[in-house]
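S.K.:
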């Protein structure tokens, strides 16, 4: 099941999010990866202690969890904190599945993964989210503010940004 949710963020919100991210500190993405994913993960992620995190989550996650399509498609009981990933030319995230157990302390099972697109497709080359389904591979590169929801157990990758 792949669910495309258009316009979760407005143009003004996308501008604010990108302004916040442009000032933020990023760390190697492999720092948050499990042992298998660490071998194929070449990106950067917002530092866990970045001061911009609260405002970013207020905007991005606030809009997402209130969106009627998200609520009806995901039926969320609990939502994990997001990772804000950044890819520069030469970076990619090879084939992987997302960790099924999330959280620290009281851990919980996660069945769905979400990608929120924060840049317009024409702003970068490559960088498609490629999700393997039982029928084929889906190449996803959506407008800024759109979301794709997919099973966490689906083998997927982010193609190299060129």
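Residue numbers (my numbering): 108 to 269. Idealized CB from N, CA, C, for every residue including glycine. Source: prediction; values computed, not measured.
1. Contact between the region 118-138 and the region 175-184: three or more CB pairs below 8 angstroms?
2. Taking just the CA atoms, how far does residue 229 sit from residue 272?
3. Quick check: the Cα distance between residue 176 and residue 113, rounded to an integer number of angstroms?
4. Is residue 200 helix, strand or coil when you go by DSSP?
5. Buried or exposed for residue 263, please, with buried defined as at least 16 other CB atoms from any protein chain shown within 10 angstroms of its CB.
6. Indicate whether residue 236 and residue 265 have their beta-carbon atoms separated by less than 8 angstroms.
7. Does residue 233 come out as helix, strand or coil in the three-state DSSP assignment?
8. How would you call residue 244, buried or exposed, if buried means at least 16 neighbouring beta carbons within 10 angstroms?
9. According to DSSP, which residues form a beta bridge with residue 112?
10. Have a look at residue 195 and residue 180 and give me their C-alpha separation to the nearest angstrom.
11. Considering only C-alpha positions, which residue in the set 136, 165 and 168 is nearest to residue 153?
12. Where does the unbroken beta strand (DSSP E) through residue 172 begin, and where does it stop?
13. Alpha carbon to alpha carbon, how far is residue 219 from residue 110? Give it in angstroms, no decimals.
14. Just to confirm the assignment, what range does the beta strand (DSSP E) spanning residue 267 have?
15. Quick one: Cα of residue 165 to Cα of residue 159, how far?
16. Rounded to the nearest angstrom, how far is the Cβ of residue 267 from that of residue 198, given a contact under 8 angstroms?
17. Nearest to residue 174 by CA position, among 116, 157 and 258, is which residue?
M.R.: Considering the structure as presented:
1. no
2. No answer is possible for residue 272: the residues shown for the chain start at 108 and end at 269.
3. The residue labelled residue 176 in the question sits at position 69 within the chain shown. The residue labelled residue 113 in the question sits at position 6 within the chain shown. Taking the straight line from one Cα to the other gives about 9 angstroms.
4. Here residue 200 is taken as the residue at index 93 of the chain shown, counted from 1. Reduced to three states, the DSSP call for residue 200 is strand.
5. As a working note, residue 263 is residue 156 in the chain shown. With 16 or more Cβ atoms within 10 Å of its Cβ, residue 263 is classed as buried.
6. In the chain shown, the residue the question calls residue 236 occupies position 129. In the chain shown, the residue the question calls residue 265 occupies position 158. Yes, the pair counts as a contact, with Cβ atoms nearer than the cut-off.
7. In the chain shown, residue 233 corresponds to position 126, counting from 1. Here residue 233 sits in strand by DSSP.
8. Within the chain shown, numbered from 1, the residue matching residue 244 stands at position 137. Label assigned to residue 244: exposed.
9. Along the chain shown, read from residue 1 onward, the residue named residue 112 stands at position 5. 254.
10. The sequence position of residue 195 within the chain shown is 88, counting from 1. The sequence position of residue 180 within the chain shown is 73, counting from 1. Residue 195 and residue 180: Cα-Cα distance of roughly 32 angstroms.
11. In the chain shown, the residue the question calls residue 153 occupies position 46. Among 136, 165 and 168, the Cα nearest to that of residue 153 belongs to 136.
12. The residue you call residue 172 lines up with position 65 of the chain shown. No beta strand (DSSP E) contains residue 172, which is instead part of the alpha helix (DSSP H) from 160-173.
13. For the purposes of this step, residue 110 is identified with residue 3 of the chain shown, where counting begins at 1. For the purposes of this step, residue 219 is identified with residue 112 of the chain shown, where counting begins at 1. Between residue 110 and residue 219, the C-alpha separation is close to 11 angstroms.
14. By one-based count along the chain shown, residue 267 stands at place 160. Note, residue 267: premise wrong, no beta strand (DSSP E); not H, not E.
15. Along the chain shown, one-based indexing puts residue 165 at 58. Along the chain shown, one-based indexing puts residue 159 at 52. If you take the alpha carbons of residue 165 and residue 159, they lie about 10 angstroms apart.
16. The residue you call residue 267 lines up with position 160 of the chain shown. The residue you call residue 198 lines up with position 91 of the chain shown. That pair is a contact at about 7 angstroms.
17. Position 67 of the chain shown, counted from the start, is the residue given in the question as residue 174. Comparing Cα-Cα distances from residue 174 to each of 116, 157 and 258, the minimum goes to 116.
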